[in-house]
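Novice: Let me begin by handing over the structure; questions about it come next.
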Amino acid sequence: MSITYDQNTGQIHLFNDQISYIMQVQTSGLLLHSYFGKRIVLLSGPLPYPVRDSGDFSPRPVGYENTRFTLDSALQEIPGGGNGDYRTPCFEVTYADGTKATDLRFVGATIRAGKPKLNKLPATYVKKPEEADTIEVSMCDNFRHLEITLQYTIFKDLPVITRSIIYKNNSNRVMTLGKAYSFAVDLPDDNFELLQLPGAWAREKQIVRTPLVPGDHVLESRRGASSVFQQPFLALVRPSTTEDTGELYASHFVYSGSFRLEVAVDHYHQARLTGGINPVDFSWELKPDTEFQTPEMVTVYTDQGLHGMSKAFYRLYGDHLVRGEYQYRDRPVVFNSWETLTFNFNEQRLVSLAAQAKAVGAEVFVVDDGWFGHRDSDSSSLGDWSADRQKLPSGIKSLATKIHALNMGFGLWFEPEMVSPDSELYRAHPDWAIAIPGVSPVQGRHQLVLDFSRADVRTHIMNAMSQIIDAGQLDFIKWDMNRNIASIYSASLPPERQMETLHRYILGLYAFLEELTSKYPNVLFENCSGGGGRFDAGMAYYMPQSWASDDTDAWERTKIQYGTSLLFPPVMIDAHLSESPNQQVGRITDFRTRVAVAGSANLGLMLELDKKTPEELSKIKAVVEAYKKKRHMIQFGNFYRLISPFTSDYGAWEFVDETRRHVLVYLVQALNQPSKPLLTIKLTGLIPGAHYRVANRVWYGAELMQYGLYLNEELDHDFASIDLAIDCVD
Ligand code: GLA
1 MSITYDQNTG QIHLFNDQIS YIMQVQTSGL LLHSYFGKRI VLLSGPLPYP VRDSGDFSPR
61 PVGYENTRFT LDSALQEIPG GGNGDYRTPC FEVTYADGTK ATDLRFVGAT IRAGKPKLNK
121 LPATYVKKPE EADTIEVSMC DNFRHLEITL QYTIFKDLPV ITRSIIYKNN SNRVMTLGKA
181 YSFAVDLPDD NFELLQLPGA WAREKQIVRT PLVPGDHVLE SRRGASSVFQ QPFLALVRPS
241 TTEDTGELYA SHFVYSGSFR LEVAVDHYHQ ARLTGGINPV DFSWELKPDT EFQTPEMVTV
301 YTDQGLHGMS KAFYRLYGDH LVRGEYQYRD RPVVFNSWET LTFNFNEQRL VSLAAQAKAV
361 GAEVFVVDDG WFGHRDSDSS SLGDWSADRQ KLPSGIKSLA TKIHALNMGF GLWFEPEMVS
421 PDSELYRAHP DWAIAIPGVS PVQGRHQLVL DFSRADVRTH IMNAMSQIID AGQLDFIKWD
481 MNRNIASIYS ASLPPERQME TLHRYILGLY AFLEELTSKY PNVLFENCSG GGGRFDAGMA
541 YYMPQSWASD DTDAWERTKI QYGTSLLFPP VMIDAHLSES PNQQVGRITD FRTRVAVAGS
601 ANLGLMLELD KKTPEELSKI KAVVEAYKKK RHMIQFGNFY RLISPFTSDY GAWEFVDETR
661 RHVLVYLVQA LNQPSKPLLT IKLTGLIPGA HYRVANRVWY GAELMQYGLY LNEELDHDFA
721 SIDLAIDCVD
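Sequential numbering from 1 applies to the sequence shown in the numbering used here.
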């Protein structure tokens, strides 16, 4: 891994064994993009830049008057500025005189080992400087005195470039950022398909792949949260790219608020990838001598297909994003009360359910919604974080003591960013909710959003939560967030800065999470937002695992977990074994299939244990025991997608442990039919020359990977799913 900057030729090269990222400082000071892709080992000098004449309609930048060069077709590192590039810009600044045009020229570049922290933002990190190198390229408009620093980091052995941009006002007048994206990657062709992960509540992260056509493609959230509707991610994949082979570029934003990712295909069929904080409902006042740092964008290049991409994200997030005690620790089997009890419980019912959960092997008991204020439905009490004395007359401490006495961890659900109009908190501080003064506040799920950009609001919630965490000696917290922001207004900001609110809210949230997770390093945090509504890389910096969806139906979850697995490894995904018929879709699914799906991530339980027969309880116990034996391999082993549920009637995937001797294969079928076509499943990740036993036969790894297994017969017996444990017998 290294970064070189040749001052004579102006060439900047970031490289490791897998990738090269090359840019070119022109003698004029413009910074052009040369190349991003597979490592170029030998470079003879600056890469010639193909000049495409856009004719007189595309003006020439200063210094290029009598040439055919125009920014309108040039590949650039920091496009924008209103100087004749009419494509999507990476930034927009309005100066004190009301104009926007900006002419950025190169000032200098600094290379250093390691990776600097981002200012008050989550980001990928290194533990030792030798794990990554960083270059900061400084650009300046000498008339406007706007300085832009482009930060690029390349990791030692990952096909990943991270980017963040610092916008700094070196003038003595205020500037306003209207758009401050985190990155731009200009690609010289558009022979791609666009891969994205849109969704909805209880249907998160669906894989959608469509041809890329000329024009602008926008993926975004304007909701103040990344949302269930779209993940801050997109990939440009070659049409021939498969799970295992082929090129792609994939960008993922380490941010949890409103975002936008864009692909602009221009008149020369070049593709510009840009993105960052959504410019809708965003502006930022940049006072003299102040700077604004954007969140980080992670971009993967691989020629090893979607698996190559996922492997890069898993390693990046596993080793360089997730932090804390649980980073490399096996995750406990959690029993969560929600689907079993909803709001209807008392201490006795909870303790007896916990005892039953313990008996089947659960390690942590989590009381979900309904334990605080007078919360008998979702219409009250958010903000009143003290025990509901009707349900829990002896308080949280008493309940916690009883759960801990069962030798189980104890956890609680919180929705700290919210307030119910029917709450003590709202009655005392109506102005703490985000609402426009004088206008009736817009509600969602009968609740309002607290203004987390305000330190006083955060301090109150921190104190209230800390009291409960201390009283209950909590081991686990489920952090939920169930509505998006509307009627944007913050009492702490003057009128001209109101549109800073959404980003300041996220900065406030991050500050809160930093403090809370540092104060309680032993608590395992589960990130949730009505399911996977904020299951993003920003939250993963604070919380190592997330509730993927409120839909626990096995087939729906097969798709949701498959989509989620493009970016996040199984250990970051929480899945619970729940009842059949399923609460969300009413589907009846057999036990084994539900176990296969929930047991392919961090297994948890949401079951009506008090209604089970002894035989059923022992089946559940056996499942939990078996899961514990293989969980390290499921949570931290190699994960492979085999058959996509988005393009077939099946979903199939595989776990292989570090030694490659132990293999688990799962296949789930959506709908059985007579006379189905042959179903072959080809394994991956095995040792080709080693022997593996599958049922009564021993195979070479190579055979299982190339010839595969025909599974129709098994499916005829077991209609919904197959699970195979395959071990090396050498
Ligand atoms: C959200 C969560 C659920 C549950 C409920 C409780 O919908 O996603 O898992 O916690 O809130 O109200």
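Note that beta-carbon positions come from the ideal geometry of N, C-alpha and C, so glycine has one too.
The model shown is predicted, which means the values in this text are computed figures rather than measured ones.
Along the chain, where does the beta strand (DSSP E) containing Val62 start, and where does it finish?
Specialist: Taken as a continuous stretch (DSSP letters only), Val62 belongs to no beta strand (DSSP E), as it is neither H nor E.
Novice: Report back the beta-carbon spacing between Leu603 and Leu566 to the nearest angstrom; my notes put them in contact at under 8 Å.
Specialist: Rounded, the Cβ-Cβ distance is 21 Å, inconsistent with contact.
Novice: Quick one: does the C-beta of Trp338 sit closer than 7 Å to a heavy atom of the ligand GLA?
Specialist: Correct: Trp338 has its Cβ closer than 7 Å to the ligand GLA.
Novice: Figure out for me which residue from Gly395, Lys619, Gly373 has the closest Cα to the Cα of Val360.
Specialist: For Val360, the nearest C-alpha among the options comes from Lys619.
Novice: Between Arg222 and chain D, is there a C-beta pair that is closer than 8 Å?
Specialist: Given the protein chain composition of this structure (a single chain), no chain D is represented.
Novice: Considering only the beta carbon of each residue, do Ile485 and Leu507 sit closer than 8 Å?
Specialist: Not closer than 8 Å, so no.
Novice: Starting from the Cα of Pro239, find the closest Cα among Thr210, Val263, Asp266, Gly215 and give me that residue.
Specialist: Minimum Cα distance to Pro239 is reached at Thr210.
Novice: If you follow the alpha helix (DSSP H) that Pro614 is in, where does it begin and where does it stop?
Specialist: Segment 614-636, the alpha helix (DSSP H) holding Pro614.
Novice: Out of curiosity, what's the CA-to-CA distance linking Val213 and Val263?
Specialist: Approximately 10 Å between the Cα atoms of the pair.
Novice: By how many angstroms is the C-alpha of Ala601 removed from the C-alpha of Val364?
Specialist: In a straight line, the C-alpha of Val364 is about 16 Å away from that of Ala601.
Novice: Would you kindly work out how many angstroms separate the C-alpha atoms of Leu43 and Phe636, rounded to a whole number?
Specialist: Between Leu43 and Phe636, the C-alpha separation is close to 38 Å.
Novice: Tell me whether Arg203 is buried or exposed, calling it buried when 16 or more other Cβ atoms sit within 10 Å of its Cβ.
Specialist: It is buried - the Cβ of Arg203 has at least 16 other Cβ atoms within 10 Å.
Novice: Inspect the beta-carbon positions of Tyr152 and His320 and report whether they are closer than 8 Å.
Specialist: Result no, Cβ atoms of Tyr152 and His320 do not sit closer than 8 Å.
Novice: For Leu32, write down the residues that DSSP places opposite it in a beta bridge.
Specialist: Leu32 is bridged to Gln24, Gln76.
Novice: Considering only residues of the same chain and omitting the five flanking positions on each side of Trp201, which have a CB-CB separation below 8 Å?
Specialist: The residues are Val228, Gly530, Gly531, Gly533, Asp550.
Novice: Please confirm whether any heavy atom of the ligand GLA lies closer than 7 Å to the CB of Cys528.
Specialist: At least one heavy atom of the ligand GLA is nearer than 7 Å to the Cβ of Cys528, so yes.
Novice: Return the chain-ordered ranges of every beta strand (DSSP E) run that is complete within the stretch 206-257 and spans a minimum of 3 residues.
Specialist: Fully enclosed beta strand (DSSP E) runs of 3 or longer: 208-211, 215-221, 233-237, 248-254.
Novice: Where does Ser2 fall in DSSP's three states?
Specialist: In this structure, Ser2 counts as strand in the three-state DSSP scheme.
Novice: Check this for me: beta carbons of Pro139 and Leu31, under 8 Å apart or not?
Specialist: According to the sequence as given, residue 139 is Met; it is not Pro. Yes, the Cβ-Cβ distance between Met139 and Leu31 is below 8 Å.
Novice: Does the distance from the CB of Leu316 to the CB of Gly411 come in under 8 Å?
Specialist: Result no, Cβ atoms of Leu316 and Gly411 do not sit closer than 8 Å.
Novice: Less than 7 Å between the CB of Asn482 and some heavy atom of the ligand GLA, yes or no?
Specialist: Checking every heavy atom of the ligand GLA against the Cβ of Asn482, one is found closer than 7 Å.
Novice: Just to confirm, are Ile681 and Gly708 a CB contact at a threshold of 8 Å?
Specialist: Result yes, Cβ atoms of Ile681 and Gly708 sit closer than 8 Å.
Novice: Is the stretch 24-40 in contact with the stretch 1-16, if contact means three or more CB pairs nearer than 8 Å?
Specialist: Contact between the stretch 24-40 and the stretch 1-16 is present, because at least three Cβ pairs lie under 8 Å.
Novice: How should Ala101 be labelled, buried or exposed, when 16 other C-beta atoms within 10 angstroms of its C-beta is the threshold for buried?
Specialist: It counts as exposed.
Novice: Taking only runs of the beta strand (DSSP E) that begin and end inside the stretch 133-171, which ones reach a length of at least 3 residues, in chain order?
Specialist: Fully enclosed beta strand (DSSP E) runs of 3 or longer: 146-155, 160-169.
Novice: Using the Cβ count rule (16 or more neighbours within 10 Å means buried), how would you classify Arg697?
Specialist: It counts as exposed.
Novice: Note the first and the last residue of the continuous beta strand (DSSP E) segment covering His691.
Specialist: 691-694 is the span of the beta strand (DSSP E), which, as asked, contains His691.
Novice: Given 7 Å as the limit, tell me if Trp547 has its C-beta closer than that to any heavy atom belonging to the ligand GLA.
Specialist: Yes, Cβ of Trp547 sits closer than 7 Å to a heavy atom of the ligand GLA.
Novice: Which value, in whole angstroms, describes the spacing of the CA atoms of Lys117 and Pro295?
Specialist: One C-alpha to the other measures close to 11 Å.
Novice: For Ile588, count the other beta carbons within 10 Å of its own beta carbon; 16 or more makes it buried, fewer makes it exposed. Which is it?
Specialist: Ile588 comes out exposed.
Novice: Does the stretch 370-385 come close enough to the stretch 329-344 to have 3 or more Cβ pairs within less than 8 Å?
Specialist: The stretch 370-385 vs the stretch 329-344: in contact.
Novice: Distance check for Pro569 and Phe639, CA to CA, integer angstroms please.
Specialist: Whole-angstrom Cα-Cα distance: 7 Å.
Novice: How many whole angstroms separate the CB atoms of Glu147 and Lys168, which I take to be in contact at a CB cut-off of 8 Å?
Specialist: Right, their Cβ atoms sit about 4 Å apart.
Novice: Spatial neighbours of Lys179 within its chain, please: CB distance less than 6 Å, with the 5 preceding and 5 following residues excluded, ordered by chain position.
Specialist: Excluding positions up to five away in sequence, the list reads Phe91, Glu92, Pro279.
Novice: Quick one: is Asp734 buried, meaning 16 or more other Cβ sit within 10 Å of its Cβ, or exposed?
Specialist: The requested residue 734 does not occur in the structure, where the chain is confined to residues 1 to 730.
Novice: Is the closest heavy atom of the ligand GLA to the C-beta of Gly531 under 7 Å?
Specialist: Because some heavy atom of the ligand GLA lies under 7 Å away, the Cβ of Gly531 counts as near it: yes.
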